[in-house]
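Everything below concerns the one structure shown next.
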Amino acid sequence: MRAVMTYARFRHLAIERAQQAPTDDDLVAIEAELGAKLPGSFREFLGVAHGGYIEYSIDVTLEGGATDSLSFSDIFRAVGSGSGSILKELAAAREINEVPQGVLPFARDGGDSIVFLDLSRAEQQPVVAFVQGRPAWTGRARDSQFIEIATSFDDYVTKLHIDREALLDQLEQDASEVAHVEATEEWLDIGMPGWRERDEELNAAVLAARKRVGG
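Okay, structure coming up:
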């Protein structure tokens, strides 16, 4: 976790570094280029998380049956030049991956894996991920692939969760100041309400981190 003390909030998600909400004109421009209307819940999400960062994971089943935990943490902003702008990312996805009309990129994992909202279908609007391949030397080789990871945007948000094991490692190895630990506690209060009472190991790790950094 980064040492940030105040988060924007969307449902159970704590959002860091969110930018000013997009304007109605921004959203109209996206819909015009996309050729589809944005769902209300996605509009609400952009209003809170626009251009921000969310440190949550989603468990997915890849081709061949292997499972992985992915984190599409960097939320695209509505407008602007360069990468990270929805319109720029949309143009790139159409050129590079031949993404069809009505498919909207909205976040990436910090690398080349990107998550899309598929609004091209009449009955369903699933969330689809382009998952970048890995070379054999990683020990977890895979080909690049497109996979459906949620039946809708709401389903996608519901599936996002805190990677508890990664968090325990961060508290033990990376926490270096009181603000860092306090930000983690605030983040947990939003994403895992009641964690102090229900998760003794996590609570002990937070207390140990506080003691180590002098908090």
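For the sequence shown, our numbering begins at 1472 and goes up steadily by one.
The C-beta atom is built at its ideal place from N, Cα and C for all residues, glycine as well.
Between the CA atoms of residue 1541 and residue 1503 - distance to the nearest angstrom: Computed Cα separation, rounded: 30 Å.
DSSP bridge partner residues for residue 1600 (one or two, in chain order): As a beta-bridge residue in DSSP terms, residue 1600 pairs with 1586 and 1618.
Endpoints, beta strand (DSSP E) assigned at residue 1529: Segment 1529–1532, the beta strand (DSSP E) holding residue 1529.
Element boundaries [alpha helix (DSSP H), containing residue 1570]: Neither: residue 1570 is in no alpha helix (DSSP H) and is coded neither H nor E.
C-alpha gap between residue 1484 and residue 1546, whole angstroms: Separation of residue 1484 and residue 1546 (C-alpha to C-alpha, rounded to the nearest whole angstrom) is 13 Å.
Cβ pair count under 8 Å reaching 3, the region 1668–1684 against the region 1627–1644: Contact check between the region 1668–1684 and the region 1627–1644: three or more CB pairs, one atom from each, fall below 8 Å, which counts as touching.
For residue 1597 and residue 1635, the rounded distance between their alpha carbons: C-alpha of residue 1635 to C-alpha of residue 1597: approximately 26 Å in a straight line.
Three-state class that DSSP yields for residue 1504 in the structure shown: Helix, per DSSP.
Continuous alpha helix (DSSP H) stretch holding residue 1539: start and end: That residue, residue 1539, is in no alpha helix (DSSP H); its beta strand (DSSP E) goes 1538–1541.
Alpha-carbon spacing of residue 1512 relative to residue 1625, whole angstroms: Residue 1512 and residue 1625: Cα-Cα distance of roughly 7 Å.
Close Cβ partners of residue 1659 (< 6 Å) along its chain, the five nearest in sequence each way excluded: Correct list, in chain order: 1666.
Cβ-Cβ distance between residue 1518 and residue 1490 below 8 Å: Against a cut-off of 8 Å, the Cβ pair of residue 1490 and residue 1518 comes out as no contact.
C-alpha distance - residue 1528 paired with residue 1486, whole-angstrom precision: Approximately 13 Å, taken between the alpha carbons.
Residue of 1508, 1501 and 1494 minimising C-alpha distance to residue 1592: Of the candidates 1508, 1501 and 1494, the one whose C-alpha sits nearest the C-alpha of residue 1592 is 1508.
Residue 1516 - containing alpha helix (DSSP H), residue span: Taken as a continuous stretch (DSSP letters only), the alpha helix (DSSP H) holding residue 1516 covers 1511–1520.
Beta-carbon proximity of residue 1599 to residue 1648, cut-off 8 Å: No, they are not a contact pair.
Residue of 1561, 1631 and 1590 minimising C-alpha distance to residue 1530: Comparing Cα positions, the closest option is 1631.
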